Structures are given as C-alpha cells and as structure tokens.
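Peer 1: Per full-length UniProt numbering, residue 1 is the first one in the sequence shown, and the count goes up by one each step. Glycine included, each C-beta is placed from N, C-alpha and C at the ideal position. Computed from a predicted structure; not experimentally measured. The structure that follows is given in the form of structure tokens.
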Amino acid sequence: MPIELGLMTMKPCSCLLLPKQWPSQVSDCLKKSPVEKTPDIFIVDYIFNVCNIIFINYTDRVNAMRKDQIQILAGKFLKISFFAFYGFHVSPISAETSESMASAEVRKQLQKMVEDREAPGLQYQFSSAEDPILSFEAGKADILNTTFVSANTSFLGFSVTKTFTALAILQLAKEKKLSLDDPLSKYLDYLPYEKSPSIRQTLNHTGGFSNPIPLSWSHLEEEHSRFSKSEFIYKILKENNKLQSEPGEKFKYSNLGFLLLGEVIERVSGLSYQEYIQKNIISKLSLKEGELLGFESLEPPFSAIGYIKRFSILNAALGWFIDRDQFISGSQEGWSAFRKYYINGDGYGGIVGNAKGFSKYLQSFIKSNGVFSEYAPELFGPITNQKKFPVNLGWYRGELNGTTFFAHAGGGGGFYCEIRVYPSLSKTSVLMTNRTGVSDERLLDEIDLPFIKAYPEKRNKTIE
Numbered sequence: 001m002p003i004e005l006g007l008m009t010m011k012p013c014s015c016l017l018l019p020k021q022w023p024s025q026v027s028d029c030l031k032k033s034p035v036e037k038t039p040d041i042f043i044v045d046y047i048f049n050v051c052n053i054i055f056i057n058y059t060d061r062v063n064a065m066r067k068d069q070i071q072i073l074a075g076k077f078l079k080i081s082f083f084a085f086y087g088f089h090v091s092p093i094s095a096e097t098s099e100s101m102a103s104a105e106v107r108k109q110l111q112k113m114v115e116d117r118e119a120p121g122l123q124y125q126f127s128s129a130e131d132p133i134l135s136f137e138a139g140k141a142d143i144l145n146t147t148f149v150s151a152n153t154s155f156l157g158f159s160v161t162k163t164f165t166a167l168a169i170l171q172l173a174k175e176k177k178l179s180l181d182d183p184l185s186k187y188l189d190y191l192p193y194e195k196s197p198s199i200r201q202t203l204n205h206t207g208g209f210s211n212p213i214p215l216s217w218s219h220l221e222e223e224h225s226r227f228s229k230s231e232f233i234y235k236i237l238k239e240n241n242k243l244q245s246e247p248g249e250k251f252k253y254s255n256l257g258f259l260l261l262g263e264v265i266e267r268v269s270g271l272s273y274q275e276y277i278q279k280n281i282i283s284k285l286s287l288k289e290g291e292l293l294g295f296e297s298l299e300p301p302f303s304a305i306g307y308i309k310r311f312s313i314l315n316a317a318l319g320w321f322i323d324r325d326q327f328i329s330g331s332q333e334g335w336s337a338f339r340k341y342y343i344n345g346d347g348y349g350g351i352v353g354n355a356k357g358f359s360k361y362l363q364s365f366i367k368s369n370g371v372f373s374e375y376a377p378e379l380f381g382p383i384t385n386q387k388k389f390p391v392n393l394g395w396y397r398g399e400l401n402g403t404t405f406f407a408h409a410g411g412g413g414g415f416y417c418e419i420r421v422y423p424s425l426s427k428t429s430v431l432m433t434n435r436t437g438v439s440d441e442r443l444l445d446e447i448d449l450p451f452i453k454a455y456p457e458k459r460n461k462t463i464e
C-alpha cells in the first residue's frame, strides 16, 4: 500500500525486503509532521526524519547496493529523488501546488526589493484570465508620513498609456473612422515633415520621429489650470521639425509619435483624449471598488508619493531637465520626493492607476469573451512588419523561459511600472513602484519566472 508523503509516494520495494517495523515507524513520523496544516510548504525536517528511518534500518543493505545521489531541493521544487530500487516514486506536482510554491518565491523576491531599497514601495499582481493568483504590496507610499502601500494605492503609469492609445486607434479603425495606413498629416495638417509617417508606423515606433527626453514635459499641479497643450505641441514640433529617418526604415522609440497619436484620436472622435479613453475603454471594464484607472491622481494617503534616490547619478542629472527647487519637496531616508505634477501630453504617458486596475485592463484581452478580446489577435499575434521590429502596434514582444509575452514599461520622475500579457498561458502581470525609472528594466523577467516555470506544458514560443 503506497504511503503518501506530500509530493512523494513511497512504495514498498521487493528488492529491499523491508522489515515489519518500518511502516509503523514512518507512520509515527508522519503523525508528528504538520503537512496537513501547510499544503504549500513542505517541511524539510519531516523528510529528513523519514530518510533517517530508512538509512538506520538499511545501512548495511544500502552500502552493499549501488548508491546514487539524494537530492533535497528546498524552495520552489522541494523533492527527494532516489533510484527506483529505493522504493520512492515522485508524484506529479499539481498546478495548484506549483502556483502556491511560485507565489511563495515571488513574495520573497518582492519583499527583498523593498528591503534592498530598490523602491520605497510597490504593488504586484499576477493573474489568470479570470482571477488574481497573487496580489502583493509592500513598503511605503509616503515616507514622510509613514503611509504604507495598500492594494488601493494609486501610481503614475507613464508610458503604459501607449497601450491605451493603441487600443483607441484600433477601435477607431474598426469603426472606419481612420485607417492604420493613413498618413498622420491627413488628420494633423500642421505637421512640419516633408513625408508624413503613417499611423501604423507611428504605433510601431518606425515613423522616424526624434525622441527628446520627456522628463521636462510636465507641469506642477498649481500650473495645471494655465497649461496650454496646443502651445506645448507647437513648441515641441518647432524644436523637432525633421524626421531622423525615412518612415518605416528604422525602429526608434518615440514619445513624440504617441503625443501626435493622441491628437489624432481627439480630431477623429471629437472628444478629448481623456474623455475618449474614459468612455470607450475604462468605463467598459466595469472596475470594482479599489480597481483604479484614470487620469487624476488621488490625494495622499490614497496615492503614492514619487521618489528618486537622493544619492544617484540620475538625481544628479535631474537638474538638467527640470527645476529641482520646484519639483522636489525634500528628502527622507535617502529618497527625494516629487511634488504632485501632470504630464503635458496624455497620449504618451498620462494614465494613473494601481495593479488591480491595470490587471483588469489586461484580463479584458485574454478573457473568453472579454470586452477587448477581439483585438487580441491583432495586438498579440505574430509581428507582421517586414523587418521584424520588436513592437507590435504599441506592444513590445519578448520571451521568458520559452514563453512569448507582450509588454510595456512606464517610467518617469518618481515612478516606474511594467505590464505584461502571456497569451499562450492566459496570464497577466503588473508591477507598480514609486521610484524613478527612465528605461525598460524588465524587472518582470525575474519576478514572473517562478510562475512561468509552473506552467511548462503550456509554453508556446510562437502565437500563430
């Protein structure tokens, strides 16, 4: 009769001729073990106890036989591995158990990020198409007032806004209000370029636009009522009045291109960018209480304060782009705090939200009959551009441990975040932090990896 030991099934083996007292000894050992109370954590001590019983009783027999290694792997794959003649058989690990072990490992990673001062605070959510698998938050939203990050704390999302812009463009194309191959100049007659990039090229960052560093493309809360977007766009186009390459020839990330796509959405729809996104995307998600997406930061303590490491090269360079005295309010615990401010152009970086809200948005693409699932094949299918540039209609394509994902990062003064969709796994992930980031750091490569390894049978390198 097999004896179940958590992940293992121990079977009496005829070649060992087990003594009669062995089953009772193992049974007594198991009665002392807390396995039933901790289904997702396998206690090393109880495994050692069982091993000791075996070797105490069979030292002479085992020494006479061919030996092989004993592996005790703690953490994500805790198991004992013997040759078949030892009488052990490792049972398959259930998907639920794999997810539990992955969750435990990811929690440790995220907690360590805060302890190692990689960010004052953070939120993370890994979800299936229907439900969250792990929701986690840690650290401080406001260091000065010792306010901790909660599941409901809001963060600036910056460039993940570009995925909302891309979806809005696809919606308008479906309604025949525009074509992806239309030149931008068809809708924006003030463009200074001799040859206008198309909407598709702009979505794929192959329009040839320059990409001035946008840290200075912001204004303080008290300046918001006086801010003129049209004057800002006129100034930026005057400073960047030539394309850097022929449209469609080279990949070059550009906030300027998405700033202009936001203007196309306004011209075609007759609504402001914020109004269009709110009406046609956010409102259709049916967000529940605590699931946040929008364009207005909540007031503390419901929103995180943005920070930059006080003693860092990035902080030293910050004065080249913004007036530090205006934008920085002070420093605490080695972090300098930003005052509340707004992005100058919503289309490239104005979204605000939390991990729960962004997760709901991502799930809408992969959920069966999800509100935006009809756009998933176009957004998350094979990259069809001839030169295989890494972006597909606003989404970056990559692979993690053989699994294809589509992603976008968002970073700027005080905040950094990443969102991902794993279409072949029907999983999504979101990371929000309240520290400055200015590049795609791909933090989710390491954070998501335990979960991706938990679904080996579903990996798919290509999505056709």
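Do the region 325-335 and the region 263-270 touch if we need at least three Cβ pairs shorter than 8 Å?
Peer 2: Output reads no: the region 263-270 does not touch the region 325-335.
Peer 1: For E399, which residues does DSSP report across the bridge?
Peer 2: Partner(s): T404.
Peer 1: If we count the other Cβ atoms within 10 Å of its Cβ and call it buried at 16 or more, is F148 buried or exposed?
Peer 2: Label assigned to F148: exposed.
Peer 1: Do the CB positions of I236 and L256 come within less than 8 Å of each other?
Peer 2: Taking 8 Å as the Cβ cut-off, I236 and L256 qualify as a contacting pair.
Peer 1: Closest to R226 by C-alpha separation, out of I322, N344, F415 and S196, would be which residue?
Peer 2: Ranking I322, N344, F415 and S196 by Cα distance to R226 puts N344 first.
Peer 1: Note down the Cα distance separating N434 from A173, rounded to an integer number of angstroms.
Peer 2: Cα-Cα distance, rounded: 35 Å.
Peer 1: Figure out for me which residue from D323, T206, L293 and E446 has the closest Cα to the Cα of P247.
Peer 2: P247 has its Cα closest to that of T206, out of D323, T206, L293 and E446.
Peer 1: Closest to L134 by C-alpha separation, out of T428, M113, D445 and T436, would be which residue?
Peer 2: Nearest of T428, M113, D445 and T436 to L134, Cα basis: T428.
Peer 1: Could you work out which residue in F389, E249, K340 and E137 is closest to E223 when comparing CA atoms only?
Peer 2: Comparing Cα-Cα distances from E223 to each of F389, E249, K340 and E137, the minimum goes to K340.
Peer 1: With burial defined as no fewer than 16 other Cβ atoms inside 10 Å of the residue's Cβ, what is the status of R200: buried or exposed?
Peer 2: R200 comes out buried.
Peer 1: Put N392 into one of helix, strand or coil per three-state DSSP.
Peer 2: Note: N392 maps to strand in three-state DSSP.
Peer 1: Go ahead and pull the three-state DSSP assignment for F415.
Peer 2: Reduced to three states, the DSSP call for F415 is strand.
Peer 1: Are the CB atoms of L393 and L379 within a distance shorter than 8 Å?
Peer 2: Result yes, Cβ atoms of L379 and L393 sit closer than 8 Å.
Peer 1: Just to confirm my understanding: we take W217, look at its own chain, exclude 5 residues before and 5 after, and list those with CB closer than 6 Å. What are they?
Peer 2: Hits under 6 Å: N344.
Peer 1: In this structure, does DSSP put P450 in helix, strand or coil?
Peer 2: Helix at P450.
Peer 1: Tell whether a beta-carbon distance below 8 Å holds between G414 and Y307.
Peer 2: Closer than 8 Å, so yes.
Peer 1: Provide the residue span of the alpha helix (DSSP H) that contains Y341, from first to last.
Peer 2: Y341 -> not in any alpha helix (DSSP H); beta strand (DSSP E) instead, spanning Y341 to I343.
Peer 1: Quick one: what's got a C-beta closer than 6 Å to Y193's C-beta in the same chain, skipping five residues either side?
Peer 2: Counting only Cβ-Cβ distances below 6 Å, and skipping sequence neighbours, we find L243.
Peer 1: Measuring alpha carbon to alpha carbon, tell me which of L191, E291, I143 and F258 ends up nearest Y348.
Peer 2: When only C-alpha atoms are compared, the closest one is F258.
Peer 1: For residue 466, which residues from the same chain have a beta carbon less than 6 Å from its beta carbon, with the 5 sequence-adjacent residues on both sides left out?
Peer 2: Only positions 1 to 464 of the chain appear in this structure, which leaves residue 466 out of reach.
Peer 1: When the distance is taken between beta carbons, is G410 closer than 8 Å to V114?
Peer 2: Contact flag unset, no.
Peer 1: Indicate whether S254 and N315 have their beta-carbon atoms separated by less than 8 Å.
Peer 2: For S254 and N315, no; Cβs fall outside 8 Å.
Peer 1: Tell me where the alpha helix (DSSP H) around T195 begins and ends.
Peer 2: According to the sequence provided, residue 195 is Lys. The question's Thr does not apply to it. Neither: K195 is in no alpha helix (DSSP H) and is coded neither H nor E.
Peer 1: What is the C-beta distance between S127 and S359, in whole angstroms, given that I count them as a contact (C-beta under 8 Å)?
Peer 2: Rounded, the Cβ-Cβ distance is 5 Å, consistent with contact.
Peer 1: From G357 to K162, what distance separates their C-alpha atoms?
Peer 2: So the two alpha carbons sit approximately 16 Å from each other.
Peer 1: For P456, which of helix, strand or coil comes out of DSSP?
Peer 2: Here P456 sits in helix by DSSP.
Peer 1: In terms of DSSP beta bridges, what is E137 paired with?
Peer 2: Paired residues: Q123.
Peer 1: Looking only at its own chain, which residues have a Cβ that is under 7 Å from the Cβ of A138, when we skip the five neighbours before and after it?
Peer 2: Closer than 7 Å at Cβ, skipping near neighbours: L110, Q111, V114, G121, L122 and V149.
Peer 1: Quick check on the burial criterion: 16 or more other C-beta atoms within 10 angstroms. Buried or exposed for D142?
Peer 2: Buried.
Peer 1: Among G290, F311, R310 and E374, which one has its Cα closest to the Cα of S303?
Peer 2: It is G290 whose Cα lies nearest to the Cα of S303.
Peer 1: When the Cα of S269 is compared with those of G398, A168 and P456, which residue comes out closest?
Peer 2: The residue with the shortest Cα to Cα distance from S269 is A168.
Peer 1: Expressed to the nearest angstrom, what Euclidean distance is found between the alpha-carbon atoms of S98 and K367?
Peer 2: Spanning the two alpha carbons is a distance of roughly 22 Å.
Peer 1: Measuring alpha carbon to alpha carbon, tell me which residue in S230, T202, M432 and T153 is nearest K252.
Peer 2: The residue with the shortest Cα to Cα distance from K252 is T202.
Peer 1: What are the start and end residues of the beta strand (DSSP E) that includes I308?
Peer 2: Looking at the DSSP string, the run of the beta strand (DSSP E) that includes I308 is Y307 to K309.
Peer 1: From the DSSP output, in three-state form, read off F365 for me.
Peer 2: If DSSP states are grouped into helix, strand and coil, F365 belongs with the helices.
Peer 1: Who are the near neighbours of Q363 in its chain, counting only those whose CB is closer than 7 Å to its CB and skipping five residues on each side?
Peer 2: Answer for Q363: S127, A129, G370 and T428, listed in chain order.
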